[in-house]
Amino acid sequence: MTEAIVEYRGISKYFAGIRALESVDFACHPGSIHAILGENGAGKSTLIKIMSGVLQPDAGEMLLEGRPVTFPTPHAANDAGIVCMFQELSLVPDLSVADNISISRPPRRFGLIDRRAQVARAEELLAQVRCEDVDPNALVRELSLSRRQMVEIAKAIGRNPKVLILDEATSALTSRDVQTVYDLLADLKTKGVASLFISHRMHEVDALCDTLSVFRNGQHIETFAKGEKSEREIVRLMIGRDVEAHFPPKPAPKPVEERGEELLNIRGLKWGNRLNGIDLSLRRGEIVGLGGLDGQGQKELLLALFGVLRDVDGEFHIGGRKGLPSSPAAAKSGDTRIALVPEDRKTEGLMLGMPIADNLLAASFSKISRGFLIDPARARKAVDEEVERLRIKVGSVADPVMTLSGGNQQKVVIAKWLMTDPDIILLNDPTRGIDVGTKQEIYRLMRELANEGKALLFYSSDYAELIGCCDRVSVLYSGRVVSEQEGDAITEESLVAASLNIGVEAA
Amino acid sequence: MRMSVAPENRPIVIASLFVVVILLAGTAYTLSTAGSAPLLSPNYLLQQLQTGSFLGICAAGMMMVILLGQIDLSIPWTLTAAAMTATAVGGDLALPTALGVGIAVGLLNGFGVAYLRIPSMIFTLGVDTVLRGLMVAQTGGFAPQDTATPIMLFLAKDKLLGIPVAIFVWAGVSLLIALMLTRTGFGRSLYATGSREGAAYLSGIRTKWVIVGAFVISSVCASIAGVLLTGYSAKAYQGMGNAFLLPAIAAVVLGGTHILGGKGRYIGTLIGVVLIVLLNSVLSIMQMPEAGRQIIYGSVIIGMLLVYGRNQRVTS
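Chains as they are written, first to last, in our numbering: chain A, 3 to 509; chain B, -18 to 297.
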């Protein structure tokens, strides 16, 4: 093989003591299309962010064409020929297509931007990606998402990359454009460009890439040529074998007629292009998991059920009611009460600057009031009960909630909702970023709540949690349930395979 | 449940100390020049509180809006419009009319900010200008009745048990607001919404209603101040509210309410009002020329906020 164009030697990166990458050795070569595979949180994003100068490694060195380099900024990486297209589009919506394409290095004449040259350059690059229909003078905000992604690709090519990184770059493209991108990458390959391709779509990886690298838990597991391993083996590499957390025992599955009352039944839930017809049912006493990769519609589904989203189509029965709640305020009241532990506890779950007590009471003002006035005795009792029940470690409940640790903050969010005595509890990745001890307390609590007759719908990006906690799991893929698994049939292999939308038989 | 924390009380303590400093400095000045201490006489202080009650009631309403991280710039002409419309109607209907104008303006402001999502700084400024236009149009063709009704005169000028009635009105408004902030679901929702609207909404708080409610309270307070001021000056006139906007905002902020919302105690706003009223009065006793007064007045506000900022970042 030719000399590596980019090489990592023992690169490590930590975030607040948690490893994102550990002693990674990795190389990619000119004239190859190299796929990076791994679960959520395997370290793929950190890997490419270091390569493109967004993050600095904590240890180890990076070599570019054999010479050690450091990239303090993305600009420096660009100068060295490393161009990255991130998942989040990096176009400025209020500038024209031509402005965006030349944004970092516009052609100049007498020190001023040469508009004519800029437009000509944009036209040339757009022609290369077969987007002649895009007007270089149009504003980016007027373009559709798939066109924007093509402009992003044109912009990347315009920088004459030696290494081109595509992070989920094809997620919004039409199939015609995907073909264009394939052709383009094949063309770049013959010109000796190294492409790093991150995608969750196995068939794309299969069609496009010649080399594959698997990452897991911040470590580089293995690199091999395409065709050396079956999809099944690849999936096994991605999962690994170690299971760390301990879960409370699950009750034995009951026959359908002995199960709890059905609290939630949805058919054909649609919302924009994010949710494309979801069927789901939820009974008292069970924990149903939502699986799948990040961003397949899980968050939107939970928000829709909580009454946050507008213009949701489908048929819904919640308790005795037909239809979805019209707002979170409606969701938490009535006969069948719904609670949501949201994704981001710092911005959605808590008022960080406010006292712990106020945060705990924020959903229950009507419960602790007599007439118009809050009854301080009832309020104190309610707060004390929840602090006790969830064993929240607090100095004084008058302290701001931001003084608590992440795990205790999450307990405050959960306690706030338990105070409303909900029937349905929606949880959006409730254990993210909290310590193992608190995680296990939360697992236990979830099972207790289910045993009390509540229904839990639980999204987690951690497959082990879904297997350990859930009675049933529905796996989502681009806004659809692609697989429903129950009891012992829930395994890491089946979940990962379903997440990548590979047929279980094929895996 | 303690509803306050120590850092939140620090501005209140500092402002209180500064009130004492103003009184002592003013007294030292009068003692050295005239040999008397009028600043410390109960009559003088009651008179200051009487004139301060107009500002105090405006500031109470303004605080509701600032707790949400919003602002109400329509106070001056809401006050004027309520007063002018009330005197034009006259008779027993004058007071309900003033309150009605306040509620209507508040609903409009709240609708614009909560439902149309227009930044309050722009929307209330627009409403203020529209109200001014309406009032100019109203007085343009003919001269409507503008004299204060007897009840306005009573509320603003009479005394009860030797204490001006206006102070009772201010005290009543203050008690209601303080009770509402600390002891009602609406009051706690106000803090939650101002602290982080998204989290409050996802806690099932009807944040839009909370926003509308705060703007209605602000406008109603302005219309009450308009009624009192009409009684005090014996008539309603254009521009009568102009002097209240910036001092009301200053009083709220000097009292420790966070300009970005979510934090603040009502007692702080009270002290902020007293501070501004006394500062103005001492400066006028000192026969400071207008230019000097403005400079000192502005510097005090900035200086006080810097002092608060040494202990907790004012803007974070």
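For glycine and all other residues, C-beta sits at the position ideal for the given N, C-alpha and C.
Close Cβ partners of residue i (< 8 Å) along its chain, the five nearest in sequence each way excluded
i	result
residue 115 of chain B	62
residue 288 of chain A	261, 262, 452, 457, 458, 473, 474
residue 145 of chain A	99, 136, 153
residue 279 of chain A	270, 271, 272, 316, 481, 482
Proximal residues to residue i (C-beta, below 6 Å), its chain only, five neighbours per side dropped
i	result
residue 295 of chain B	Unreliable placement is indicated for residue 295 of chain B, whose pLDDT of 38 sits below 50; the coordinate value is still reported in the next sentence. Taken in chain order, the residues that qualify are 286, 289.
residue 244 of chain A	Note that residue 244 of chain A scores a pLDDT of 49, beneath 50, so its modelled location is shaky; the value from the coordinates is reported in the next line. None.
residue 509 of chain A	Residue confidence is low: residue 509 of chain A scores 37 on pLDDT, short of 50, so the model does not pin down where it sits. No coordinate-derived value is stated.
residue 263 of chain B	3, 7
residue 410 of chain A	394, 395
residue 276 of chain A	299, 302, 481
residue 95 of chain B	189, 192, 193
residue 419 of chain A	341
residue 486 of chain A	476
Beta-carbon proximity of residue i to residue j, cut-off 8 Å
i	j	result
residue 472 of chain A	residue 310 of chain A	no
residue 358 of chain A	residue 403 of chain A	yes
residue 85 of chain A	residue 167 of chain A	yes
residue 429 of chain A	residue 460 of chain A	yes
residue 425 of chain A	residue 265 of chain A	yes
residue 68 of chain B	residue 165 of chain B	no
residue 295 of chain A	residue 501 of chain A	yes
residue 243 of chain B	residue 64 of chain B	no
residue 256 of chain B	residue 0 of chain B	yes
residue 362 of chain A	residue 421 of chain A	yes
residue 210 of chain A	residue 224 of chain A	no
residue 169 of chain A	residue 88 of chain A	yes
Endpoints, the beta strand (DSSP E) within which residue i is located
i	result
residue 487 of chain A	482 to 488
residue 86 of chain A	84 to 87
residue 37 of chain A	35 to 40
residue 264 of chain A	264 to 273
residue 278 of chain A	277 to 285
residue 319 of chain A	315 to 320
residue 15 of chain A	8 to 17
residue 66 of chain A	61 to 66
residue 70 of chain A	69 to 71
residue 218 of chain A	213 to 218
residue 205 of chain A	Not the beta strand (DSSP E): residue 205 of chain A falls in the alpha helix (DSSP H), residues 204 to 210.
residue 292 of chain A	289 to 293
Neighbourhood of residue i by C-beta, 7 Å cutoff - its chain only, sequence neighbours within 5 removed
i	result
residue 22 of chain A	15, 16, 45, 48, 220
residue 182 of chain A	131, 132
residue 113 of chain B	58
residue 389 of chain A	396, 399
residue 254 of chain B	33, 36, 37, 40, 232
residue 377 of chain A	370, 371
residue 157 of chain A	102, 103
residue 226 of chain A	214
residue 45 of chain B	171, 195, 198, 199
residue 43 of chain B	53, 56, 199, 229, 230, 233
residue 454 of chain A	none
First and last residue of the uninterrupted alpha helix (DSSP H) at residue i
i	result
residue 262 of chain B	247 to 266
residue 457 of chain A	Element bounds for residue 457 of chain A: not the alpha helix (DSSP H) but the beta strand (DSSP E), 457 to 461.
residue 51 of chain A	46 to 53
residue 76 of chain A	76 to 81
residue 31 of chain A	Segment: none, residue 31 of chain A is in no alpha helix (DSSP H) and carries neither H nor E.
residue 35 of chain B	23 to 48
residue 130 of chain A	117 to 130
Presumed contact (8 Å Cβ cut-off) between residue i and residue j, rounded CB distance
i	j	result
residue 79 of chain B	residue 229 of chain B	Rounded, the Cβ-Cβ distance is 18 Å, inconsistent with contact.
residue 316 of chain A	residue 268 of chain A	6 Å
residue 52 of chain B	residue 105 of chain B	7 Å
residue 415 of chain A	residue 347 of chain A	5 Å
residue 173 of chain B	residue 36 of chain B	That pair is no contact at about 28 Å.
residue 431 of chain A	residue 495 of chain A	Actually they are not in contact, since the Cβ atoms of residue 431 of chain A and residue 495 of chain A sit about 22 Å apart, beyond 8 Å.
residue 191 of chain A	residue 55 of chain A	So it is not a contact: roughly 24 Å between Cβ atoms.
residue 258 of chain B	residue 29 of chain B	5 Å
residue 31 of chain B	residue 148 of chain B	6 Å
Next on the checklist: Would you call the segment 175 to 183 of chain B in contact with the segment 336 to 355 of chain A, where contact means no fewer than 3 C-beta pairs closer than 8 Å?
Outcome noted: yes
Checklist entry - Below 8 Å, can you find three or more Cβ-Cβ pairs linking the segment 140 to 158 of chain B to the segment 324 to 339 of chain A? => result no
Checklist entry - So does the segment 79 to 90 of chain B actually touch the segment 195 to 213 of chain B, counting three or more Cβ pairs closer than 8 Å? => result yes
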